[in-house]
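Engineer: What follows is a single structure, and I will ask about it in a moment.
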Amino acid sequence: MKTGYTHMRCGLLGEHLGHSFSPEIHEALADYSYELAERAPEEVGEFVKNGGFDAFNVTIPYKKAVIPFLNEISPEAQRIGAVNTVVRRPDGSLAGYNTDYFGFDGMLTAAGIDVRGKKTLILGNGGASLTVQAVLADRGADEIVVVDIGLPDNYDNLDRHFDAQVIVNATPVGMYPHNGKSLVTLSDFPRCEGVLDVIYNPARTALLLQAEERGIPAMNGLYMLVAQAAKAFEYFTGDTAEEGVVEAVTRQIAHRTRNIVLIGMPGCGKSTVGKRLAEKLGRPFYDADTEFSAMHGLTPAQAIEQYGEPRFRELEHETLCALGKASGTVIACGGGVVTREKNYAPLHQNGIIVYLRRELSRLATGGRPLSQRMSVETLYAARKDAYERFADLTVDSTEVVEKTVSAMTAMLAESDL
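Every letter in the sequence shown is one number past the one before it in my numbering, and letter 61, counting from 1, is 62.
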């Protein structure tokens, strides 16, 4: 963190800012105050002119609305037609900049995606799209196709661009709380070699999950958010951001916001270990079976008895979809979540999945209907491959809970998943 700026008052102007990461990012960059300023549209002009801030960022829907109140805007902001950073100069005049440009440019570099000479497809034609278009043009993209409703290139004729090599989602489609949606199916683009999504919540949108499944390099918008904030810091203070700070802060936020999802055989200790891990990390803890009961009004055992396992699994999937939207939690799953492949996406979208492995002879089976209907060995043989396929990490569950938690904590600290 850069120090010596405690005299400065900075912040973020927007309409709805409840889930903003900006205060945390700027706190890591410098010691100026950084406040969230939610304002209605009719209050924007007064805030810009007399809000009392030395400098502030601007987010949707006000990136264009602030422009008439500024004395000067930078070349990239003029070109894009949007301002997201405003600085009040010593003489009281207001200068506007667009640091999203530098954020997306940095995101391209960090993702290792080279667009020079490539055909690129941009989903959406709003403010974020204009930024992306400018960066791609400056990066030497060969053909830049903007797709949106009402444009000549729209979602009804995407097949004409099957040869797109890089795809960028510059829309809010797939963003929390509307997780799981995607405007395109990547299998329709056999030449695609890079995917970028400006959304950062969830960490893996449906589009990014498709890219991951196909082995295509991809990145979400968190790096862009931090990189644009680092550039805003430079405009705020006239100082230079510390080397490596964007990568460090991006990793910090990614670690803090990811869910830790525990899977494994019934009776392997997921709930016990999960509760202790949550306590140690200061996170909320959720037991998927408990949440199932709260959502559906009966226990998993009762649901299996009353409806049969197939219907239970459908209700369980609904529960996991709700839990998976959260951020920064520890979630202990039922032993059979891996029997349905479609459970992977909601668990993985914001989570790192940890397989808690335990010797079969030490598994507890009391009160577990499926474990009682067939042998533990049979159940394990049916699920072993699925546990390993779902898992990002595997930790041995011992009878000493603290030992298991310590081993898991060390592995999680090292992982960038």
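Just so it is clear, CB atoms sit at the ideal spot from N, CA and C, and this is done for glycine as well. All figures in this text were calculated on a predicted structure; none of them were measured in a lab.
Mind listing, in chain order, the continuous beta strand (DSSP E) runs of no fewer than 3 residues lying wholly within the stretch 5–38?
Structural biologist: 10–15
Engineer: Using three-state DSSP, classify T206 as helix, strand or coil.
Structural biologist: coil
Engineer: Measure the C-alpha to C-alpha separation of T241 and Q79 and round it to an integer number of angstroms.
Structural biologist: 24 Å
Engineer: How is S372 classed by DSSP in three states: helix, strand or coil?
Structural biologist: Low local confidence applies: a pLDDT of 49 at S372 is under 50, so the model's placement there is unreliable, and no value is given.
Engineer: For the beta strand (DSSP E) containing G97, name the first residue and the last one.
Structural biologist: L95 to Y98 is the extent of the beta strand (DSSP E) around G97.
Engineer: What residues match up with T86 in a beta bridge as DSSP calls it?
Structural biologist: N58 and Y98
Engineer: Going by DSSP, name the residue or residues bridged to M220.
Structural biologist: L197
Engineer: By DSSP's criteria, T395 is part of a beta bridge. Which residues make up the other side?
Structural biologist: Y356
Engineer: What is the DSSP secondary structure of L187, reduced to helix, strand or coil?
Structural biologist: DSSP places L187 in helix when its eight states are reduced to three.
Engineer: Can you give the Cα-Cα distance for K326 and P91, rounded to whole angstroms?
Structural biologist: Rounded to the nearest angstrom, the two C-alpha atoms are 44 Å apart.
Engineer: Do three or more CB pairs link the stretch 374–394 to the stretch 346–361 at distances below 8 Å?
Structural biologist: yes
Engineer: Which residue comes first and which comes last in the beta strand (DSSP E) that contains V147?
Structural biologist: E144 to V148 is the extent of the beta strand (DSSP E) around V147.
Engineer: Taking 6 Å as the cut-off, does the CB of G5 come closer than this to any heavy atom belonging to the ligand MN?
Structural biologist: The ligand MN is not part of this structure, which contains no ligands at all.
Engineer: Could you say which of G337, L210, A289 and I254 lies nearest to E28 if we only look at CA atoms?
Structural biologist: I254
Engineer: Tell me, please, whether the stretch 309–316 touches the stretch 155–171 by the rule of three or more beta-carbon pairs shorter than 8 Å.
Structural biologist: no
Engineer: So, with DSSP's three-state summary, where would you put T273?
Structural biologist: helix
Engineer: So, is S372 buried or exposed, given that buried needs 16 or more other C-beta atoms within 10 angstroms?
Structural biologist: Legend: pLDDT at S372 = 49, less than 50; position of this residue unreliable, value from coordinates given subsequently. Its Cβ being crowded by 16 or more others within 10 Å, S372 is buried.
Engineer: Sort V196, L71 and A408 by Cα distance to V274 and report the nearest one.
Structural biologist: Looking at the Cα atoms, A408 is the closest of the given residues.
Engineer: Less than 8 Å between C-beta atoms, sequence neighbours within five positions excluded: which residues of the same chain meet that for F163?
Structural biologist: Hits under 8 Å: D189, F190, P191 and R192.
Engineer: Could you round the C-beta distance between M2 and A111 to whole angstroms and report it? I think they count as a contact, below 8 Å.
Structural biologist: Their Cβ separation, rounded to whole angstroms, is 21 Å, which puts M2 and A111 out of contact at 8 Å.
Engineer: Comparing C-alpha positions only, which one of L418, V116, I68 and V87 sits nearest to I353?
Structural biologist: In terms of CA proximity to I353, L418 leads the group L418, V116, I68 and V87.
Engineer: On the premise that L357 lies in contact with S398, defined as a C-beta separation below 8 Å, what is that separation, rounded to the nearest angstrom?
Structural biologist: 5 Å
Engineer: Of the choices G195, D106 and V199, whose alpha-carbon is the least far from that of A212?
Structural biologist: G195
Engineer: Can you tell me whether R390 is buried or exposed, with buried defined as 16 or more other CB within 10 angstroms of its CB?
Structural biologist: exposed
Engineer: So N51 is in the alpha helix (DSSP H); what residue range does that whole segment cover?
Structural biologist: V45 to N51
Engineer: Tell me whether L152 is buried or exposed, calling it buried when 16 or more other Cβ atoms sit within 10 Å of its Cβ.
Structural biologist: For L152, the number of other beta carbons within 10 angstroms of its own is below 16, and it is reported as exposed.
Engineer: Since V406 is in the alpha helix (DSSP H), which residue starts that stretch and which ends it?
Structural biologist: V402 to E415
Engineer: Run through DSSP, which three-state label would T121 get?
Structural biologist: T121 falls in the strand class under three-state DSSP.
Engineer: Using three-state DSSP, classify D288 as helix, strand or coil.
Structural biologist: Of the three classes helix, strand and coil, the one that applies to D288 here is strand, per DSSP.
Engineer: What residue does the beta strand (DSSP E) around V167 start on, and which one ends it?
Structural biologist: V167 to N170
Engineer: When the distance is taken between beta carbons, is N126 closer than 7 Å to D157?
Structural biologist: In this structure, D157 keeps its C-beta atom at 7 Å or more from the C-beta atom of N126.
Engineer: When you compare the stretch 7–23 with the stretch 43–62, are there three or more beta-carbon pairs, one atom per stretch, that lie closer than 8 Å?
Structural biologist: yes
Engineer: What's the gap between the Cα of A279 and the Cα of E403?
Structural biologist: 12 Å
Engineer: Cα separation between S75 and P301?
Structural biologist: 59 Å
Engineer: Mapping DSSP to helix, strand and coil, what is E77?
Structural biologist: helix
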